[in-house]
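Novice:
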Amino acid sequence: MEPLNSFPGFRTVPRTGVIYVTHEATRHGFSYGNAEWANLGQGSPETGNIPGAPPRVENVTVSAASQQYAPVVGNKILCQAVADFYNATYRRGKKSQYTADNVSIASGGRLALTRLASARGDINMGHFIPDYTAYEELLSVFKAFTSIPILLKADSGYKISLADLKEEILGRGLSALLASNPCNPTGQLMEGKELSAWCELARECQCSMIFDEFYSHYIYNAPDATKPKMVSAAEFVDDVDKDPIIIVDGLTKNWRYPGWRISWTLGPKMVIEAIASAGSFLDGGANHPFQNAALPLLDPKNVAAETLAIQKHFGRKRELVLRRLAAMNISADASPTGAFYVWANLAKLPAPLDDGMNFFRECLKEKTIVVPGVFFDVNPGHRRSQARYKNYCRISFGPEIEKLELGLDAFERVIKKFK
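Residues 1 to 419 (this note's numbering) make up the sequence shown, in order.
#1: Is the beta carbon of Ile219 less than 8 Å from the beta carbon of Leu189?
#2: Is it buried or exposed for Tyr32, if we count other Cβ within 10 angstroms and need 16 for buried?
#3: Can you list, in chain order, the stretches of the beta strand (DSSP E) that have 3 or more residues and sit fully within the segment 83 to 110?
#4: Using DSSP bridges, identify the partner residues of Ile369.
#5: Specify, as a first and last residue, the run of the alpha helix (DSSP H) that Tyr341 falls within.
#6: Looking at C-alpha atoms only, which residue of Ala202, Thr368 and Arg115 is the closest neighbour of Gly126?
#7: Assuming the contact rule is C-beta atoms closer than 8 Å, Leu295 and Ala100 should be a hit. Round their C-beta distance to whole Å, please.
#8: For Ile500, which of helix, strand or coil comes out of DSSP?
#9: Does Ala234 come out as helix, strand or coil in the three-state DSSP assignment?
#10: Can you list, in chain order, the residues of its chain with a C-beta nearer than 6 Å to that of Ser331? Leave out the 5 residues immediately preceding and following it.
#11: Touching or not, the segment 264 to 282 and the segment 40 to 53, by the rule of three or more beta carbon pairs under 8 Å?
#12: Do you know whose CA, among Ala35, Ile123, Asp164 and Asp238, lies nearest Ala144's CA?
#13: Quick check on the DSSP output: the beta strand (DSSP E) that includes Tyr389 runs from which residue to which?
#14: Measuring CB atoms only, is the segment 318 to 335 touching the segment 366 to 382, in the sense that at least three cross pairs come out at less than 8 Å?
#15: Straight-line CA distance for Glu200 to Gly109?
#16: Put His23 into one of helix, strand or coil per three-state DSSP.
#17: Which residues bound the alpha helix (DSSP H) around Thr146?
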């Protein structure tokens with residue numbers, strides 16, 4: 001078969017890291033629900049019952065009204081519920097409060113980010129390396145802006161100082177900056193004074209900061225294990241309609257409903273109007289019945305119970321994975337404080353397993369999936385020829401504990417073959 005880019009009018013569109021590895025695994029016999037396989041490459045959390053969490057929604061009522069198209073910006077009631085959640089959780093006592101006009105609903109996080117990207121002007125837009133694999137194509141397909149990479153180094157814990165960030169913004173003329181917090185894949189978290197300083201820098205430099213907060217309930221450094229800890233830039237916004245702070249989140253990770261494809265963007269009214277206009281030609285609006293079903297999930301008591309359950313359950317899985325990886329001589333340059341991934345350094349493994357792509361291929365033979373690190377070297381337009389992170393892979397502790405054990409046992413078998 002000839003490559004697609006030889007077909008008139010089309011180009012080859014790359015798969016994101018997770019889609020690529022799943023596609024390759026399928027060729028080796030993988031399928032969802034296959035008990036023999038462990039998908040430690042998955043970007044979604046386990047979706048079943050976990051200890052202490054509210055009951056899972058298993059039935060959705062489709063009313064006659066919700067069989068019509070939803071507004072492109074989203075169901076007004078859901079938009080207000082999202083605003084109320086952020087006000088109650090992060091903005092108590094603050095004069096400036098979010099309203100429904102500060103919220104836009106979309107069909108999942110990637111589409112929310114696509115709407116934002118399509119509404120950007122002719123600007124320089126910063127992004128970090130390593131970061132979420134889907135950012136690569138997102139930042140390359142829209143030609144109105146120029147993507148500017150900012151390298152985060154292992155010896156600094158995959159973080160950047162405020163002074164260096166300011167230099168990047170001013171020196172490179174950035175008008176916007178995209179960052180996942182906590183970061184996918186490193187699990188590093190900005191919070192408290194550090195996150196407040198970033199928001200102040202956004203105001204000072206008039207640089208729009210887009211925070212991908214899809215993992216903001218997966219936090220493992222809570223001072224009180226009996227209370228849930230959530231982090232959002234919304235806490236440090238002074239004026240919801242003037243501050244250049246935009247937040248993207250949804251039900252996918254923090255509520256563990258990836259199949260619902262319900263996300264939201266929170267920001268100034270002018271931004272929400274722009275991305276709603278983009279949505280009018282990109283997608284036409286999110287699933288209407290599931291927007292109605294999402295309303296009870298945003299009740300603060302429900303969120304608190306779900307978040308606490310997540311942090312206890314996923315915290316145990318995190319400790320399990322880190323402990324067993326360390327015993328195999330697989331290290332984490334910076335221990336994950338958030339999300340549900342280990343950014344695994346394979347450099348101490350025997351060749352050829354010290355290469356992430358080779359490790360991935362050998363794991364397939366043992367019915368286990370990981371994501372090679374090169375996919376997180378976000379390189380829009382492939383302007384750089386050298387790929388970073390060849391000695392890394394991302395290992396997810398999103399799956400059930402039984403699957404984690406299955407996959408970790410497979411790692412041991414793979415390593416034993418090459419000793």
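Virtual Cβ for every residue (Gly too), placed ideally from N, Cα, C.
Specialist: On the basis of the coordinates in this document:
#1: yes
#2: Classification of Tyr32: exposed, given that the 10 Å Cβ count is below 16.
#3: 103 to 106
#4: Asn39
#5: Looking at the DSSP string, Tyr341 is not in any alpha helix (DSSP H); the run it does join, the beta strand (DSSP E), is Tyr341 to Asn345.
#6: Ala202
#7: With 8 Å as the limit, Leu295 and Ala100 do not qualify as a contact, their Cβ atoms being about 13 Å apart.
#8: Since the first residue shown for the chain is 1 and the last is 419, residue 500 is missing from the structure and cannot be characterised.
#9: Correct three-state label for Ala234: helix.
#10: Asn345
#11: no
#12: The candidate whose alpha carbon is nearest that of Ala144 is Ile123.
#13: Looking at the DSSP string, Tyr389 is not in any beta strand (DSSP E), and its letter there is neither H nor E.
#14: no
#15: 25 Å
#16: helix
#17: Segment Thr146 to Leu151 is the beta strand (DSSP E) holding Thr146; no alpha helix (DSSP H) there.
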